[in-house]
């Protein structure tokens, strides 16, 4: 709370810069008993941690409820602080609106935050408060000049957030990377939002395009970093300390990605010493504008005021084995001002642009990237029916959507009117993500050559800001959706252009509209029933309430069961009745998987003091794991679930996910055990961003040795084995989903303290 008060003076200036009155009526939540979504687009889903009118108490619950329904979707978030990752894997437009007090608000009243920092061997993608990416693999950052492997998927073509703070509270100046955002393989724009961490606050990933207007980004080391295209307009960059540079970007050569404009562009903004900075760590001239993550990096500052915390040198080399800024790195400024700017003292490698040269750097020209050629773009899987033509900004009304063929449903809608067949006029594509442009060299000053493909790229080496390789997540084994024609961002056939730089008016200008072939079907009741859409494209499910008691012994099939969308409170009773049947079906499936049988199939269940059984099982990637050897170097926690992708099991699995850092910090590894196939486990792992391995035991070999096999079902449980000896020191069978991770962690802490 104190930190928020300290930063209020900065927020007052910048939140207003990014504020758009377009959604003011919706964002000003009416008091009870009125509808909380009065004035909102049809189908808006309301989230509040305190308002009893809200169906959802977390943002992730609402994201999951909407799922991957075609068309434009909206979420209104009531004031409050919301802990936990918001993971958006949706392939259609989504707008998340934070509540505002009134049109004169100078700060945000909605916060989404995490408290996770990277530990050795982990990918930075485990840390953000917000991820917008089509899959877990797509969100990975990786290391080296090209980072994590290129993915075939593309996520949301138009994600927006208004008046929300995204913070990572885990970090300080010494703890290491802790992201606030990870936007990869998606288009995203932010209006009047703030972002806070220390190292690596903001990440625009591969094939990602982001546009930020207004707000403040707080950080210390490389706090704007990435591998995509990011445009920051009318923002404040607040130096909490000085390390590395403000920016750390990767570029891609013309051979791998012809015509790309990967880079970070800061326009009409200011750089200051953060109000919460220690005067001894942010001294005059100590902070640098940026450093090259690889030698093809691009960073450009336009019309930016810089205070005395900025070094008059401007940019800095990476250091170590890369002591110089080479000619394939493009660092440039235009019309910089303030105590932190002196053109005569900038490095020779930097470009000071003329008025004519800077005209080549606009949102339209810098926001058209792709690493996919025409053939790849045409085969990359995406949700069907996303229009390939998006019109550029104009004074004419945005294009309308065609009426859906299917039946419409109504949800929380203050007007009480039936949803129309036309899309709301807010269906814009963010200003920083459009089609592939002309060559990158053409948009730079004529005297500066384009970056040659032959230049060797270097790996980002500095421990302070290293982007580690992921060691826990396998690649998704997604199959292309049949008969769909995907559309990758930057697809050559797209002719979209983003909005130009924000105009000097009292409110932020939003980007142009995009067309889709159908509006979103309104959310239906959450169920565990399987959808025909690929599970890996669904949003990450949050923790859900403990599962109800089993009332059926119907055999559960081994199927994937992603959630259907949930309805708002005003959904028609008939729809709710139908959804309730689907919910009961999901409950029955899980109950069947967990229902006890007359006797265990094994009479050799291990007891306390027995050694971890020597059994070989495949993990979620199909790789063999010698279970008996797991405890040689670390303690082992194995938790068993009756069936993947069901509510209770998701609660248990997400509980271990959320406490994963605590287990690994105590030198314990975590494994999830189920009878599901590796394919089902991979889908579940990707959907829930589970950081630990999953063991597949379809023959119930280990399940029976642990004494939790009951016929064709598995008892929910967890087991803890001692480091070195591999002896069983704790087991809980029949434990509740929410209690299992808490109980296991409590035991591990006590056992570690007594060892």
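Numbering (mature numbering (1 follows the signal peptide of the UniProt record, and there is no 0)), first residue to last: -18 to -1, 1 to 737.
For each residue, glycine too, the CB sits at the ideal point set by N, CA and C.
Chain C within 7 Å of residue 22, Cβ atoms only = Of the chains in the structure shown, none is chain C; there is only one protein chain.
Closest to residue 766 by CA distance: which of 736, 112, 252, 175 is it?
-> Look at the range of the chain in this structure, -18 to 737, and you will see that residue 766 is not part of it.
Please say whether residue 230 and residue 204 have beta carbons closer to each other than 7 Å?
-> Residue numbering aside, residue 204 sits at position 222 when the chain shown is read from its first letter. Residue numbering aside, residue 230 sits at position 248 when the chain shown is read from its first letter. The Cβ-Cβ distance between residue 204 and residue 230 falls below 7 Å.
Just how far apart, CA to CA, sit residue 304 and residue 103?
-> Translated into the one-based positions of the chain shown, residue 304 becomes position 322. Translated into the one-based positions of the chain shown, residue 103 becomes position 121. Using only the alpha carbons, I get a separation of about 24 Å.
Taking the Cβ atom as the reference point for each residue, do residue 272 and residue 297 lie within a distance shorter than 7 Å?
-> On the chain shown, residue 272 is found 290 positions in, with the first residue counted as 1. On the chain shown, residue 297 is found 315 positions in, with the first residue counted as 1. If you check the CB distance, residue 272 and residue 297 come in under 7 Å.
How should residue 302 be labelled, buried or exposed, when 16 other C-beta atoms within 10 angstroms of its C-beta is the threshold for buried?
-> By one-based count along the chain shown, residue 302 stands at place 320. By the Cβ-count criterion, residue 302 is exposed, with fewer than 16 other Cβ atoms from all chains shown falling within 10 Å of its own Cβ.
Among residues of its own chain, excluding the 5 on either side of residue 160, which ones have a beta-carbon nearer than 6 Å to its beta-carbon?
-> Counted from its first residue, the chain shown places residue 160 at position 178. Closer than 6 Å at Cβ, skipping near neighbours: 99, 109, 150, 152, 153, 179.
Where residue 175 sits in the DSSP three-state scheme | Position 193 of the chain shown, counted from the first residue, corresponds to residue 175. Three-state DSSP puts residue 175 in coil, outside helix and strand.
In chain order, what residues of the same chain lie with their CB nearer than 7 Å to the CB of residue 731, ignoring the 5 residues before and after it?
-> Residue mapping note: residue 731 aligns to position 749 of the chain shown, counting from 1. Same-chain partners within the cutoff: 648.
Kindly indicate the opening and closing residues of the beta strand (DSSP E) around residue 144.
-> The count along the chain shown starts at 1 and reaches residue 144 at position 162. Following the DSSP letters along the chain, one finds residue 144 inside the beta strand (DSSP E) bounded by residues 141 to 144.
Pick from 33, 63, 25: whose alpha carbon is nearest that of residue 48?
-> The sequence position of residue 48 within the chain shown is 66, counting from 1. Selection 33, 63, 25 evaluated against residue 48 yields 25 as nearest (Cα-Cα).
Cβ-based burial, residue 737 [other Cβ within 10 Å; buried from 16] = Here residue 737 refers to the residue found at position 755 of the chain shown. Exposed, since its Cβ has fewer than 16 Cβ neighbours within 10 Å.
Considering residue 642, what are the terminal residues of the alpha helix (DSSP H) in which it resides?
-> In the chain shown, counting from the first residue as 1, residue 642 sits at position 660. Judged by DSSP secondary structure, residue 642 falls within the alpha helix (DSSP H) whose first and last residues are 642 to 647.
If you drop the 5 nearest sequence neighbours on each side, which residues of the same chain put their C-beta closer than 7 Å to that of residue 320?
-> Within the chain shown, residue 320 is the residue found at index 338, counting from 1. Correct list, in chain order: 287, 288, 289.
Which of the three DSSP states, helix, strand or coil, is assigned to residue 666?
-> Residue numbering aside, residue 666 sits at position 684 when the chain shown is read from its first letter. Assignment of residue 666 by DSSP, reduced to helix, strand and coil, places it in the helix class.
Express the C-alpha separation of residue 333 and residue 340 in angstroms, rounding to a whole number.
-> Along the chain shown, one-based indexing puts residue 340 at 358. Along the chain shown, one-based indexing puts residue 333 at 351. Their Cα atoms are separated by approximately 11 Å.
Tell me where the alpha helix (DSSP H) around residue 147 begins and ends.
-> Counted from its first residue, the chain shown places residue 147 at position 165. Not the alpha helix (DSSP H): residue 147 falls in the beta strand (DSSP E), residues 147 to 150.
Give the DSSP-derived three-state secondary structure of residue 608 in the structure shown.
-> Numbered from 1 along the chain shown, position 626 holds the residue referred to as residue 608. DSSP places residue 608 in strand when its eight states are reduced to three.
Output the distance between the C-alpha atoms of residue 222 and residue 145, rounded to the nearest integer angstrom.
-> For the purposes of this step, residue 222 is taken as residue 240 along the chain shown, with counting starting at 1. For the purposes of this step, residue 145 is taken as residue 163 along the chain shown, with counting starting at 1. One Cα belongs to residue 222, the other to residue 145, and the distance between them is close to 22 Å.
Using 10 angstroms around the beta-carbon of residue 347, count the other beta-carbons present and answer buried if the total reaches 16, otherwise exposed.
-> Position 365 of the chain shown holds residue 347. Taking all protein chains shown into account, residue 347 has 16 or more neighbouring C-beta atoms within 10 Å of its C-beta and is therefore buried.
Whole-angstrom Cβ separation of residue 655 and residue 677, contact assumed at under 8 Å?
-> Indexing the chain shown from 1 puts residue 655 at position 673. Indexing the chain shown from 1 puts residue 677 at position 695. The distance from the Cβ of residue 655 to that of residue 677 is about 5 Å, consistent with a contact at the 8 Å cut-off.
Environment of residue 89 [buried if 16+ CB atoms lie within 10 Å] | Within the chain shown, numbered from 1, the residue matching residue 89 stands at position 107. That one is buried.
Buried or exposed (CB count within 10 angstroms, at least 16 for buried), residue 32 = As a working mapping, residue 32 is identified with position 50 in the chain shown. Residue burial annotation: residue 32 is exposed, with fewer than 16 other C-beta atoms found within 10 angstroms of its C-beta.
Have a look at 601, 705, 728, 706 and flag the residue whose alpha-carbon is nearest the alpha-carbon of residue 662.
-> Along the chain shown, read from residue 1 onward, the residue named residue 662 stands at position 680. The shortest Cα separation from residue 662 among 601, 705, 728, 706 belongs to 601.
Where residue 524 sits in the DSSP three-state scheme | On the chain shown, residue 524 is found 542 positions in, with the first residue counted as 1. With a pLDDT of 34 at residue 524, under the threshold of 50, the predicted position of this residue should be treated as unreliable, and no value is reported.
Considering only C-alpha positions, which residue in the set 157, 181, 189 is nearest to residue 170?
-> Here the question's residue 170 lines up with position 188 in the chain shown. Considering only alpha carbons, the answer is 189.
Would you grab the beta carbon distance between residue 183 and residue 82 for me? Rounded to a whole angstrom, and I think it's under 8 Å.
-> Reading the chain shown from its first residue, position 201 is the one you call residue 183. Reading the chain shown from its first residue, position 100 is the one you call residue 82. Your pair residue 183 and residue 82 does not check out as a contact, with CB atoms roughly 23 Å apart and the cut at 8 Å.
Thinking just about the alpha-carbon of each residue, which of 294, 694, 616, 306 is nearest to the one in residue 274?
-> Counting from one through the chain shown, the residue named residue 274 turns up at place 292. With distances taken between Cα atoms, residue 274 lies closest to 306.
Please name the residue in 71, 41, 51 whose C-alpha comes closest to that of residue 61.
-> To locate residue 61, count along the chain shown from 1; it is residue 79. For the residues 71, 41, 51, the minimum Cα distance to residue 61 belongs to 41.
Note down, in chain order, each residue of its chain lying with its Cβ closer than 6 Å to the Cβ of residue 113, except the 5 sequence neighbours on either side.
-> On the chain shown, position 131 is the one that residue 113 refers to. Here the set comprises 69, 121, 164.
Outcome for residue 611 when other beta-carbon atoms lying within 10 angstroms are tallied against a minimum of 16 | Reading the chain shown from its first residue, position 629 is the one you call residue 611. With fewer than 16 other Cβ atoms inside 10 Å of its own Cβ, residue 611 counts as exposed.
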